[in-house]
Amino acid sequence: MLLRDFTIQLISQSPHLSATLTVADFVRFASLAAEVEHRAGVSLRLTPTRIPVLPFLEEALSVQFPFDHLQDLWRMTFPFLHACRMDTTMTIRDLGLQHNFTTKLPERFLRAPLSHCVICSNNNSHALHVHTRLNGYLHDIDGVHPVQTVILSCSNPRCDTQYRPSYYTRNSSRYYYTKAMGRDDDYVQVNCHYYMTTRMAYMFHVLQMLGHVSHFNLVNWYNMVFVDEANTNLF
515 MLLRDFTIQL
525 ISQSPHLSAT
535 LTVADFVRFA
545 SLAAEVEHRA
555 GVSLRLTPTR
565 IPVLPFLEEA
575 LSVQFPFDHL
585 QDLWRMTFPF
595 LHACRMDTTM
605 TIRDLGLQHN
615 FTTKLPERFL
625 RAPLSHCVIC
635 SNNNSHALHV
645 HTRLNGYLHD
655 IDGVHPVQTV
665 ILSCSNPRCD
675 TQYRPSYYTR
685 NSSRYYYTKA
695 MGRDDDYVQV
705 NCHYYMTTRM
715 AYMFHVLQML
725 GHVSHFNLVN
735 WYNMVFVDEA
745 NTNLF
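Following this note's numbering, the numbering of the sequence shown begins with 515 at its first residue and continues without gaps.
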């Protein structure tokens with residue numbers, strides 16, 4: 515169905531909804547409803563008029579229009595919900611690093627939580643600029659994910675401070691960000707190109723304490739499960 519035809523249908527069948535529905539609300543509804551229909555459509559016998567999941571959609575989307583208008587929206591979009599579904603995570607994972615792409619799209623971009631230099635900028639006058647981009651890998655409990663490290667530098671030519679995702683460096687010293695500075699606690703930087711999520715570090719810690727697993731066996735286990743036979747996209 516063309517967008518033009520859907521708009522005409524929406525105006526004719528639910529005028530009040532067409533006058534209050536925003537583009538953002540429609541996109542959010544279509545994305546979530548498509549996933550719900552994909553997962554529960556057969557088991558819950560969902561149809562244009564049988565909609566036991568409407569209370570969930572209303573709660574999840576925090577819609578700003580009456581409940582009966584949500585029913586209208588489901589009824590009109592149901593015929594093409596299956597075509598609206600896209601697994602964005604897997605799409606980026608599978609296609610983001612195509613060699614023919616000039617600009618690659620890794621699964622995550624890791625950068626400093628700051629936008630201005632904390633050393634020479636008392637009034638936030640010296641913004642941070644991109645200095646270098648380094649490809650890397652984030653190790654998590656569900657496998658290895660390609661990431662890009664964005665290293666920033668101060669715009670003041672007399673300042674040599676460089677800002678990495680977990681810390682900044684100045685005069686050969688390393689300073690880690692505090693929580694007040696916006697530190698990201700989801701991962702730790704192991705070295706220049708490799709990261710580990712904090713939940714995986716915690717899992718390794720627990721396995722060593724409770725399972726008495728050696729470092730050597732932990733590495734072998736992780737590689738056997740998530741690396742050796744895994745289809746991990748590489749830069």
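Yeah, the Cβ is synthetic: ideal placement off N, Cα and C, and Gly gets one too.
Residue i burial status per 10 Å Cβ neighbour count (16 or more: buried)
i, result
"residue 742", "exposed"
"residue 528", "buried"
"residue 515", "exposed"
"residue 719", "exposed"
"residue 665", "buried"
"residue 716", "exposed"
"residue 600", "exposed"
"residue 679", "buried"
"residue 725", "exposed"
"residue 605", "exposed"
Secondary structure of residue i, DSSP reduced to three states
i, result
"residue 633", "coil"
"residue 668", "strand"
"residue 734", "helix"
"residue 729", "helix"
"residue 716", "helix"
"residue 518", "helix"
"residue 702", "strand"
"residue 688", "strand"
"residue 723", "helix"
"residue 590", "helix"
"residue 578", "coil"
"residue 563", "coil"
Chain-order list of residues whose beta-carbon lies under 8 Å from that of residue i (same chain, five-residue window excluded)
i, result
"residue 695", "627, 628, 632"
"residue 534", "578, 579, 583"
Contact belief for residue i with residue j at Cβ below 8 Å, rounded distance in angstroms
i, j, result
"residue 548", "residue 595", "5 Å"
Cut-off 7 Å between Cβ atoms - residues of its own chain near residue i, not counting five sequence neighbours on either side
i, result
"residue 523", "590"
"residue 755", "No answer is possible for residue 755: it lies beyond the span of the chain, which begins at 515 and ends at 749."
"residue 644", "664, 666"
6 Å CB neighbourhood of residue i in its chain, flanking five on each side removed
i, result
"residue 670", "634, 640"
"residue 550", "567"
Q.
Could you tell me which whole beta strand (DSSP E) segments of length 3 or greater appear in the segment 593–668?
A. 622–625, 642–654, 657–668
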